[in-house]
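There are 2 protein chains.
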Amino acid sequence: MSDDSVTLIEVGPRDGLQNEPGELPLAVKQQLVEDLADAGLTVIEAGSFVNPTWVPQMADSEALFAAIARRAGVRYTALTPNLRGFERALAAGADEVAVFAAASESFSQKNINCSIAESIERFRPVMAAAAEAGLPVRGYVSCVLGCPYEGALAPAAVARVTGDLLELGCYEVSLGDTIGVGTAGSMRALLTELLGAFAPAQLAVHCHDSYGQALANILAAVDLGIRRIDAAVAGLGGCPYAPGASGNVATEDVVYLLEGLGLATGIDLDRLIAAGEHISGFLGRPSGSKVARARRSAG
Amino acid sequence: MSDDSVTLIEVGPRDGLQNEPGELPLAVKQQLVEDLADAGLTVIEAGSFVNPTWVPQMADSEALFAAIARRAGVRYTALTPNLRGFERALAAGADEVAVFAAASESFSQKNINCSIAESIERFRPVMAAAAEAGLPVRGYVSCVLGCPYEGALAPAAVARVTGDLLELGCYEVSLGDTIGVGTAGSMRALLTELLGAFAPAQLAVHCHDSYGQALANILAAVDLGIRRIDAAVAGLGGCPYAPGASGNVATEDVVYLLEGLGLATGIDLDRLIAAGEHISGFLGRPSGSKVARARRSAG
Numbered sequence: 001m002s003d004d005s006v007t008l009i010e011v012g013p014r015d016g017l018q019n020e021p022g023e024l025p026l027a028v029k030q031q032l033v034e035d036l037a038d039a040g041l042t043v044i045e046a047g048s049f050v051n052p053t054w055v056p057q058m059a060d061s062e063a064l065f066a067a068i069a070r071r072a073g074v075r076y077t078a079l080t081p082n083l084r085g086f087e088r089a090l091a092a093g094a095d096e097v098a099v100f101a102a103a104s105e106s107f108s109q110k111n112i113n114c115s116i117a118e119s120i121e122r123f124r125p126v127m128a129a130a131a132e133a134g135l136p137v138r139g140y141v142s143c144v145l146g147c148p149y150e151g152a153l154a155p156a157a158v159a160r161v162t163g164d165l166l167e168l169g170c171y172e173v174s175l176g177d178t179i180g181v182g183t184a185g186s187m188r189a190l191l192t193e194l195l196g197a198f199a200p201a202q203l204a205v206h207c208h209d210s211y212g213q214a215l216a217n218i219l220a221a222v223d224l225g226i227r228r229i230d231a232a233v234a235g236l237g238g239c240p241y242a243p244g245a246s247g248n249v250a251t252e253d254v255v256y257l258l259e260g261l262g263l264a265t266g267i268d269l270d271r272l273i274a275a276g277e278h279i280s281g282f283l284g285r286p287s288g289s290k291v292a293r294a295r296r297s298a299g
Numbered sequence: 001m002s003d004d005s006v007t008l009i010e011v012g013p014r015d016g017l018q019n020e021p022g023e024l025p026l027a028v029k030q031q032l033v034e035d036l037a038d039a040g041l042t043v044i045e046a047g048s049f050v051n052p053t054w055v056p057q058m059a060d061s062e063a064l065f066a067a068i069a070r071r072a073g074v075r076y077t078a079l080t081p082n083l084r085g086f087e088r089a090l091a092a093g094a095d096e097v098a099v100f101a102a103a104s105e106s107f108s109q110k111n112i113n114c115s116i117a118e119s120i121e122r123f124r125p126v127m128a129a130a131a132e133a134g135l136p137v138r139g140y141v142s143c144v145l146g147c148p149y150e151g152a153l154a155p156a157a158v159a160r161v162t163g164d165l166l167e168l169g170c171y172e173v174s175l176g177d178t179i180g181v182g183t184a185g186s187m188r189a190l191l192t193e194l195l196g197a198f199a200p201a202q203l204a205v206h207c208h209d210s211y212g213q214a215l216a217n218i219l220a221a222v223d224l225g226i227r228r229i230d231a232a233v234a235g236l237g238g239c240p241y242a243p244g245a246s247g248n249v250a251t252e253d254v255v256y257l258l259e260g261l262g263l264a265t266g267i268d269l270d271r272l273i274a275a276g277e278h279i280s281g282f283l284g285r286p287s288g289s290k291v292a293r294a295r296r297s298a299g
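Which chain is which? The protein sequence lines are U and Z, in order.
UniProt numbering applies: residue 1 is where the first sequence begins, and numbers increase by one.
UniProt numbering applies: residue 1 is where the second sequence begins, and numbers increase by one.
Below you can see the structure in the form of structure tokens.
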């Protein structure tokens, strides 16, 4: 990855759809994943192997992995909270898996029902099994710029869990501003701390646009050398028309930002917009991407 | 103005409402302007003295200036395209006026029906009358990062008209990304050119959020030393729910960005959000500010 290109990690089919009301037909999800690969995305988080009781939207992940026509050069990844989930992901043919921890103790307890330290221990067997199977593992850290229960987080707390995940064997850690409260100022403070200990290539950013700050935060990260960015086509995961919509930043809008900075993404924006409008149609609402809406309006 | 504070120029009552469908009762506009001053805005563009045939939404600007209870320390400003407009603004008691030119010849012709050079000549009598009356004059330049007819603009073309307006006697020039196509990359290129010729204090930025890039563009400008930023409460001027909504950047979201960067704005965000929700209610839609919607959703 050269310094003047950026890899987008498309999380719409998983982090996006997981937070949309209702369950979509398998064929619609399959089409979405295939459309995204056709648009040039090279890393697509397609599903999640968690207990379907907790996340019914992802109950069909096995079937989805079986259905999608794989495109060469694309990694189809999955979230795996534990060894059982990893085994399902491996059997389904995931190219990469991800584990997730939180930067805040309260969020860890409420979201995954254990302490941060316990969550790290829980990942050890997953890491061992992944190493044996030869699958790369990505780490997520949530609430890096603020927690709904604890408010602002100390960058040192984020550095600790990031270091734990990298030490466990994750090849990179995706820093999640889960509730979207971060600003360019807090993003810079966090990354300045982290880049004192880790290489830019070990870090990705995962911004939600709840407060409209996602692109500014991504700009701040890119300025500091980050070249791996999570995003969700059409801003999936939060309806653009609902008060307090808290979806992921829209991949289309990130592509527009990055290309404007002279950073290559390898993505065909028109095809990406079409993919986003297609899935938004199934969800019964316009695309959450402003670029998509502006392009459509400009005819 | 110290380096760690920013002045926001609130353009909602003029640039915002001018682009909203329908005409609001005078009392509603008066309440909006007064609410904005109460929230801490110190420069409020309250109206426009243009031909009411062209902009019926602004036909009541005299009445509005007469109605508003003035708050000490606040400048109530108005747009004045020509001497006739200036005389009306002066009689109405405007504290400051603004003239507007375009960076693109095509836009100038289609928007104000004359060439850029002719528009500058047309402003001379306004400048002379304003100097005599002791009123400061602000200059607007539209389409600085792109024109709907000509596409991308050369920074040198923007520098030319900016220089013309400053030479005429404008105390600052507001650089308008009228159609919102700019990116942090093009904003940086433009400002790098302009700051070779003009001081940061002579320049303001005026970003529209059509492509979702406004906050990233403002961050780019602030990083380069710009400390005067136009914004419209609730993102007035474009319905957040309409495809291709192309409103001004929401003042609330700019305040959130700036305070996060440690830049003081002097604005009470809660009061500002309330002012935006109030006017949005009259327009029959939720606030176009993501910060407002997120705060409301968080309870």
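Here a beta-carbon is modelled for each residue, glycine too, at the ideal position from N, C-alpha and C.
All figures in this text were calculated on a predicted structure; none of them were measured in a lab.
Candidates the options, of which the one nearest residue i by Cα
i	options	result
residue 159 of chain Z	Z:89, Z:149, Z:140	Z:140
residue 155 of chain Z	Z:297, Z:190, Z:209	Z:190
residue 91 of chain Z	Z:114, Z:65, Z:81	Z:65
residue 124 of chain U	U:145, U:83, U:21, U:144	U:83
residue 147 of chain U	U:182, U:129, U:127, U:274	U:182
residue 128 of chain Z	Z:86, Z:102, Z:213	Z:86
residue 296 of chain U	Z:211, Z:226, Z:248, Z:274	Z:211
residue 60 of chain U	U:47, U:205, U:200, U:273	U:47
residue 238 of chain Z	Z:178, Z:227, Z:188	Z:178
residue 7 of chain U	U:188, U:268, U:228, U:28	U:228
residue 260 of chain Z	U:184, U:230, U:291	U:184
residue 3 of chain U	U:264, U:268, U:298	U:264
residue 166 of chain Z	Z:56, Z:203, Z:57	Z:203
residue 57 of chain Z	Z:255, Z:75, Z:30, Z:14	Z:14
Alpha-carbon spacing of residue i relative to residue j, whole angstroms
i	j	result
residue 294 of chain Z	residue 235 of chain U	15 Å
residue 89 of chain Z	residue 257 of chain U	40 Å
residue 176 of chain U	residue 131 of chain Z	54 Å
residue 262 of chain U	residue 137 of chain U	30 Å
residue 26 of chain Z	residue 52 of chain Z	15 Å
residue 152 of chain U	residue 216 of chain Z	22 Å
residue 192 of chain Z	residue 253 of chain U	24 Å
residue 244 of chain Z	residue 273 of chain Z	The predicted position of residue 244 of chain Z is uncertain, since its pLDDT is 49 and thus under 50; a value taken from the coordinates is nonetheless stated next. Cα to Cα, residue 244 of chain Z sits roughly 23 Å from residue 273 of chain Z.
residue 248 of chain U	residue 17 of chain U	11 Å
residue 225 of chain Z	residue 73 of chain Z	24 Å
residue 50 of chain Z	residue 70 of chain Z	23 Å
residue 24 of chain U	residue 289 of chain U	20 Å
residue 134 of chain U	residue 96 of chain U	9 Å
residue 54 of chain Z	residue 5 of chain Z	37 Å
residue 188 of chain Z	residue 22 of chain U	43 Å
residue 75 of chain U	residue 30 of chain U	15 Å
Sequence-distant residues of the same chain with beta carbon closer than 7 Å to residue i, five excluded per side
i	result
residue 287 of chain U	234, 276, 277, 280, 293
residue 162 of chain U	141, 173, 194, 198
residue 283 of chain U	20
residue 164 of chain Z	120
residue 186 of chain Z	145
Residue i vs residue j beta-carbon contact at 8 Å
i	j	result
residue 232 of chain Z	residue 250 of chain Z	yes
residue 77 of chain Z	residue 43 of chain Z	yes
residue 11 of chain U	residue 62 of chain U	no
residue 33 of chain Z	residue 68 of chain Z	yes
residue 102 of chain Z	residue 116 of chain Z	yes
residue 126 of chain Z	residue 144 of chain Z	no
residue 208 of chain U	residue 214 of chain U	yes
residue 206 of chain Z	residue 230 of chain Z	yes
Close beta carbons around residue i, own chain, < 8 Å, minus the five adjacent residues each side
i	result
residue 271 of chain Z	35, 38, 39, 40
residue 149 of chain U	104, 106, 107, 110
residue 266 of chain Z	5, 40, 42
Same chain only: Cβ atoms within 6 Å of residue i, ignoring 5 sequence neighbours per side
i	result
residue 171 of chain U	136
residue 28 of chain Z	282
residue 301 of chain U	Absent from the structure is residue 301 of chain U, since the part of chain U shown begins at 1 and ends at 299.
**chain Z contacts made by the segment 190-212 of chain U, where a contact means CB separation under 8 Å** = 209, 210, 211, 212
**Request:** Mind checking the segment 138-154 of chain Z against chain U and listing, in chain order, the residues whose C-beta falls within less than 7 Å of any C-beta there?
**Result:** none
**Asked** At a Cβ cut of 7 Å, what residues of the segment 95-119 of chain Z count as close to chain U, listed as they run along the chain?
**Response** none
**Message:** Short of 9 Å Cβ to Cβ, which residues in the segment 167-183 of chain U face chain Z?
**Reply:** 179, 180, 181, 182, 183
**Item:** Residues in the segment 72-92 of chain U having any Cβ partner in chain Z nearer than 8 Å
**Value:** none
**Request:** Could you name the residues of the segment 252-265 of chain U whose beta carbon sits closer than 7 Å to any beta carbon of chain Z, in the order they occur along the chain?
**Result:** 253, 256, 257, 260, 261, 262
**Prompt:** Looking at chain Z, which residues of the segment 274-293 of chain U have a Cβ within less than 8 Å of any of its Cβ atoms?
**Reply:** 286, 289, 290, 291, 293
**Request:** Anything in the UniProt region "Disordered" (1-21) of chain U with a Cβ closer than 7 Å to a Cβ of chain Z? List those residues in chain order, please.
**Result:** none
**Item:** Within 8 Å of chain Z by C-beta, residues of the segment 39-67 of chain U in sequence order
**Value:** none
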